[in-house]
Amino acid sequence: MDKLVRSVKQKYPQVCKVEVFSDGPSSQFKNKFAAHFLHKLRKSVDLTWHYFATSHGKGAVDGIGGTVKRDVWNAFSTRKVAAVGDAESFAKVATRLCKGVKVTFVSSKEIDAHAKSIDLERCFCSAPVIHGITKFHGLKPINNGLIRCHLYSWQSTGVDKGVSNDQESDVSDDPVNSGEQGKESDEENEGSEDESEDKSEDESEENDNESENESDEEMEDASEDESEEESDNENEQQSEDECEDESEEERENEKAEKSASVHSPVQIPVQVESYYAVKYEKKYYIGRALAFEHSKDFVKFKFLHTLGADKFDWPKTDEIEVVHISRVFYGPVSLQDRCPFTLPRQYVREIGKIYSAVRKQRKVLCK
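Residue 502, in this note's numbering, is where the sequence shown stops; the numbers in between run on with no holes.
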């Protein structure tokens with residue numbers, strides 16, 4: 136920054152005041168170290184640092200920097216320049232490509248040497264804390280090591296902060312604004328008296344509102360009691376309906392268990408080329424008996440895939456498996472249509488009930 140200010144002074148000797156604009160990240164520009172460093176820059180020129188609002192930090196410099204980087208990258212990607220491996224080579228290529236932009240290279244040795252010459256480490260160590268720096272958008276170094284902080288960059292009134300933090304005061308750069316501040320303080324005092332009167336009126340209104348709220352709460356309690364009674368009646372009705380549904384389900388399960396006992400796996404005679412329902416651990420499958428294996432106790436089945444509640448079709452790859460005859464719990468079944476096959480809905484419901492009944496019997500036996 137100091138090198139930039141000196142280069143501007145060399146090119147334009149008549150410059151006596153510099154206004155700096157940047158974004159306000161606390162890790163780079165808006166902190167006590169950068170604020171205290173402004174006193175070093177103030178020795179050569181009158182300087183004020185302005186910060187953009189949060190998320191509004193883009194400016195002309197971002198467009199210039201983006202243009203320079205894009206031109207260097209395009210030249211490198213098209214092999215018009217050699218490899219750009221460091222900041223110095225980047226500055227040389229950018230200077231050659233971007234004639235309208237002045238690119239200045241600053242080496243790390245120059246930075247270290249200049250930091251020692253201005254005793255930068257001591258400057259940072261002695262930097263005082265500036266309370267509330269995040270809310271300010273303008274900093275200007277003044278005498279006695281103080282920083283004049285502005286809430287907005289265009290404000291003529293600021294708060295002096297720095298070495299004498301305990302003696303912070305509002306300072307105005309013109310007498311007109313200072314007079315206006317006196318008027319504002321008188322108006323504030325008058326406003327406080329009006330506020331006290333308004334508070335007393337508000338308190339009386341609050342008391343009236345409280346009494347109204349109490350009556351409203353009593354009405355709400357009565358309505359809640361009525362709603363609770365209605366909900367209790369509804370719950371009783373629902374419980375009665377559930378009991379009736381449960382009794383109907385129990386009857387259906389009993390029928391299914393009876394049919395399951397009738398269609399026990401041992402009693403079902405399996406015929407080759409007929410379709411049967413075969414039970415597995417979590418579901419059942421419809422399959423065609425192909426042949427008996429080893430003895431009459433094992434049957435080779437070719438199984439269908441389900442396409443819906445009552446639709447079945449052959450899979451792309453044949454699923455053939457040898458199962459024990461005890462797994463066959465229903466059949467034979469007659470399928471309608473072809474590819475896909477259709478099983479009448481009454482048979483689907485009956486097979487499902489029998490399968491669930493068979494599973495229940497198995498769980499009881501396992502216990």
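For every residue, glycine included, the Cβ atom is placed at its ideal position computed from N, Cα and C. Because the structure is a prediction, the values reported are computed rather than measured.
- K435 sits away from V468, with the two beta carbons spaced by 8 Å or more.
- The beta-carbon separation of A218 and F240, rounded to 17 Å, does not stay under the 8 Å limit for a contact.
- The C-beta of P276 has 16 or more other C-beta atoms within 10 Å across all chains shown, which makes the residue buried.
- Our two residues, G487 and V463, have alpha carbons roughly 14 Å apart in a direct line.
- Taking a contact to require three or more Cβ pairs closer than 8 Å, the stretch 158-178 and the stretch 270-290 qualify as touching.
- Under the 10 Å beta carbon count, R283 is surrounded by 16 or more other beta carbons and is classified as buried.
- Contact between F447 and L425 does not hold, since their C-beta atoms are separated by about 17 Å, which reaches or exceeds 8 Å.
- The beta carbon of F172 lies closer than 7 Å to those of C258 in the same chain, with the five residues before and after it left out.
- T183 carries a strand assignment under DSSP once its states are collapsed to helix, strand and coil.
- Going by DSSP, S252 is part of the alpha helix (DSSP H) stretching over 243-252.
- CA-CA distance, V238 to V207, rounds to 12 Å.
- A Cβ-Cβ contact shorter than 8 Å links W184 with V155.
- Residue range 167-177 is occupied by the alpha helix (DSSP H) that includes H174.
- For C151, there is no enclosing alpha helix (DSSP H), as DSSP gives it neither H nor E.
- Within the same chain, and ignoring the five residues on either side of F168 in sequence, the residues whose Cβ sits closer than 7 Å to its Cβ are F259, A262.
- Contact between V153 and V203 is absent: CB atoms are separated by about 23 Å, not below the 8 Å threshold.
- DSSP places F211 in the uninterrupted alpha helix (DSSP H) bounded by 195-212.
- Put simply, the backbone Cα of D197 is about 22 Å away from that of F271.
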